[in-house]
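If you read the sequence shown in the UniProt record's numbering, its first letter stands for residue 1, the second for the next number, and so on.
Using N, Cα and C, we set each Cβ at its ideal position, and we do this for glycine too.
Please read all numbers here as calculations on a predicted model, not as lab measurements.
Here's the structure we're looking at; comments come further down.
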Amino acid sequence: MGVALRPLIADYKEVLPWDRLGGIAAIDAFNALYQFLSGIRQPDGTPLMDEEGRITSHLSGLLFRTANLVEKNITPVYVFDGKPPKFKEATLAERRVIRENAKESWERAVKEGDEESARKYAMASSKVDAFILESSKELLTALGIPWVQAPEEGEAQSAYMAAVGDVTYAVSQDYDSLLFGAPKLLRNLTVSGKRRVNGKVVAVYPEQLLLDQVLGGLEMTQVDLIAAALLIGTDYNSGVKGVGPKTAVKLVKEGKFAERIGESENAADPEELIRYFLEPPVEKQYTIAKKAPVREKVVEILCEQHGFSEERVSAGLERLGSSKGQATLDSWFS
Numbered sequence: 001m002g003v004a005l006r007p008l009i010a011d012y013k014e015v016l017p018w019d020r021l022g023g024i025a026a027i028d029a030f031n032a033l034y035q036f037l038s039g040i041r042q043p044d045g046t047p048l049m050d051e052e053g054r055i056t057s058h059l060s061g062l063l064f065r066t067a068n069l070v071e072k073n074i075t076p077v078y079v080f081d082g083k084p085p086k087f088k089e090a091t092l093a094e095r096r097v098i099r100e101n102a103k104e105s106w107e108r109a110v111k112e113g114d115e116e117s118a119r120k121y122a123m124a125s126s127k128v129d130a131f132i133l134e135s136s137k138e139l140l141t142a143l144g145i146p147w148v149q150a151p152e153e154g155e156a157q158s159a160y161m162a163a164v165g166d167v168t169y170a171v172s173q174d175y176d177s178l179l180f181g182a183p184k185l186l187r188n189l190t191v192s193g194k195r196r197v198n199g200k201v202v203a204v205y206p207e208q209l210l211l212d213q214v215l216g217g218l219e220m221t222q223v224d225l226i227a228a229a230l231l232i233g234t235d236y237n238s239g240v241k242g243v244g245p246k247t248a249v250k251l252v253k254e255g256k257f258a259e260r261i262g263e264s265e266n267a268a269d270p271e272e273l274i275r276y277f278l279e280p281p282v283e284k285q286y287t288i289a290k291k292a293p294v295r296e297k298v299v300e301i302l303c304e305q306h307g308f309s310e311e312r313v314s315a316g317l318e319r320l321g322s323s324k325g326q327a328t329l330d331s332w333f334s
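Laid out in C-alpha cells, this is it:
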C-alpha cells in the first residue's frame with residue numbers, strides 16, 4: 001500500500017510519452033506481480049489457471065507486458081522482496097485479514113451472480129505465494145530477463161540501484177521509493193493501459209517523479225520527507241491520528257516531529273525507522289546481464305507445464321527478439 005504522499009507530490013508528477021522512457025527499469029517485482037494477478041482475470045474475477053488449478057495470470061503478465069516494455073526500448077530488471085523487516089509485521093497481518101475477507105466476499109458474489117462485485121473482491125484477494133515467486137523467477141530466467149533478489153524490501157533495492165546509476169529509474173506504484181532515496185520514480189509502467197475508475201474506463205499513462213524536484217518544491221530534505229511520512233503513517237508505523245499529509249509537512253517544518261510522533265500508537269522507534277529508510281539492507285553484488293530467451297525452456301514452462309497456446313507464446317517471444325538475430329535484445333545494452 002505504501003505511504004499516502006499523493007496530495008503532497010501531485011504537482012511534481014510528469015506524464016511521459018513512451019518514446020521518452022528508454023533505459024533500464026528496476027521494477028518492484030511484488031508490486032508488478034500483484035498488478036498481474038489483480039488485473040489479468042476472467043470477467044467474474046477468476047484468475048487464469050492451468051488444468052491443475054495453478055494460477056498463471058502472473059506468467060501471462062511477465063511474458064506479454066515485459067515484451068511490451070522491451071519493444072519500447074525499456075530494459076526491465078525485476079527486483080524481488082526478501083525477508084520483511086520486523087516492524088512491518090503488523091501491516092502484513094492486516095493485509096492477510098483483508099485478503100481473506102475479500103476472498104470470502106468474492107466467493108459469495110460469484111454464487112449470487114454479481115460479476116462486477118466479484119471482480120472487485122477478487123482483485124483485492126490476490127496473493128503472491130511461493131509458487132508464484134518460484135515460477136516467476138524460472139520464467140524470467142528462461143526469457144533472459146534480469147532479476148535481483150533483495151535481502152529485504154524490493155523498493156529499497158530498486159532505489160539503491162537507481163541512486164548508484166546502475167538503472168535509469170525505480171518502478172513502483174507506491175511512493176516509498178522516494179523515501180528510500182530513488183532519484184527517479186516511474187509509476188504505471190507495468191499496469192494495463194486502461195483502468196476502471198468510478199465505473200468508467202480511463203487511460204493510464206506513465207508518470208515520472210524526480211526526488212530533487214519533490215524535495216525542492218516542498219522545501220524539505222529527504223529526512224524531512226521521511227519524518228512527514230512517519231507522521232502520516234507508513235507500512236512500518238501507524239502514524240499520528242488526525243495528521244494528514246499537509247499537516248505532517250507543517251509539523252515537520254515547525255520542528256514538532258519529535259513532539260508529535262510520540263502520539264503514534266505504533267511502538268517502533270522513529271529514529272530507527274528514519275535510519276532504515278536512509279540505510280536499508282540492500283544487495284550490492286548483482287549482475288544486469290544481457291541474455292537471449294531460451295525458446296525451448298519458455299515453451300516447456302508455459303505450454304507444456306501450464307497449457308499456454310504455443311502460437312501466443314511464440315508471438316510474445318518474437319516481440320522479445322528471440323528470432324531474427326536478437327535485434328531487440330541487442331539494443332538494450334548498446
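Would you mind stating whether residue i and residue j have Cβ atoms separated by less than 8 angstroms?
{"i": "P245", "j": "P7", "result": "yes"}
{"i": "residue 346", "j": "V15", "result": "The requested residue 346 does not occur in the structure, where the chain is confined to residues 1 to 334."}
{"i": "L33", "j": "L302", "result": "no"}
{"i": "L225", "j": "P183", "result": "no"}
{"i": "M161", "j": "A26", "result": "yes"}
{"i": "L317", "j": "L273", "result": "no"}
{"i": "G45", "j": "A122", "result": "yes"}
{"i": "D81", "j": "G22", "result": "no"}
{"i": "V77", "j": "V167", "result": "yes"}
{"i": "A29", "j": "V79", "result": "yes"}
{"i": "V214", "j": "I9", "result": "yes"}
{"i": "H306", "j": "D129", "result": "no"}
{"i": "H58", "j": "S158", "result": "no"}
{"i": "V252", "j": "A289", "result": "no"}
{"i": "F180", "j": "P280", "result": "yes"}
{"i": "S38", "j": "S126", "result": "yes"}
{"i": "I232", "j": "A248", "result": "yes"}
{"i": "V70", "j": "R275", "result": "no"}
{"i": "L209", "j": "L185", "result": "yes"}
{"i": "K120", "j": "D235", "result": "no"}
{"i": "Q173", "j": "N31", "result": "yes"}
{"i": "S238", "j": "N266", "result": "yes"}
Where does residue i land, buried or exposed, given buried means 16+ other C-beta within 10 angstroms?
{"i": "F131", "result": "exposed"}
{"i": "A67", "result": "buried"}
{"i": "T287", "result": "exposed"}
{"i": "K324", "result": "Note on K324: pLDDT 38, under 50, position unreliable in the model; the coordinate value appears next. That one is exposed."}
{"i": "Y205", "result": "exposed"}
{"i": "K250", "result": "exposed"}
{"i": "T221", "result": "exposed"}
{"i": "P43", "result": "exposed"}
{"i": "V298", "result": "buried"}
{"i": "L278", "result": "exposed"}
{"i": "N101", "result": "exposed"}
{"i": "S60", "result": "buried"}
{"i": "V97", "result": "exposed"}
{"i": "D19", "result": "exposed"}
{"i": "G217", "result": "exposed"}
{"i": "Q285", "result": "exposed"}
{"i": "A156", "result": "buried"}
{"i": "V223", "result": "exposed"}
{"i": "V202", "result": "exposed"}
{"i": "P17", "result": "exposed"}
What would DSSP say about residue i, mapped onto helix, strand or coil?
{"i": "A203", "result": "strand"}
{"i": "A268", "result": "coil"}
{"i": "D212", "result": "helix"}
{"i": "T328", "result": "Note that T328 has pLDDT 41, beneath the 50 cutoff, so the model's placement of it is unreliable and the number below is only indicative. Here T328 sits in helix by DSSP."}
{"i": "P17", "result": "coil"}
{"i": "F308", "result": "coil"}
{"i": "Q173", "result": "coil"}
{"i": "Q149", "result": "strand"}
{"i": "L143", "result": "helix"}
{"i": "S323", "result": "Confidence at S323 is low in this model, with a pLDDT of 47, below 50, so its placement is unreliable and the value that follows should be read with caution. Three-state result, S323: coil."}
{"i": "L317", "result": "helix"}
{"i": "residue 342", "result": "As displayed, the chain neither begins before 1 nor continues past 334, which places residue 342 out of reach and without an answer."}
{"i": "L189", "result": "coil"}
{"i": "K120", "result": "helix"}
{"i": "K127", "result": "coil"}
{"i": "residue 335", "result": "The structure shown has nothing for residue 335, since the chain only spans 1 to 334."}
{"i": "K284", "result": "coil"}
Segments of 4+ residues assigned as alpha helix (DSSP H) that fall wholly inside the segment 222-259: 222-232, 245-253
Ranges of the beta strand (DSSP E) found wholly within the UniProt domain "XPG N-terminal" (1-102), counting only runs of at least 3: 23-28, 74-80
Inter-stretch contact (C-beta, 8 angstroms, three-pair minimum) for the segment 89-96 and the segment 106-116: no
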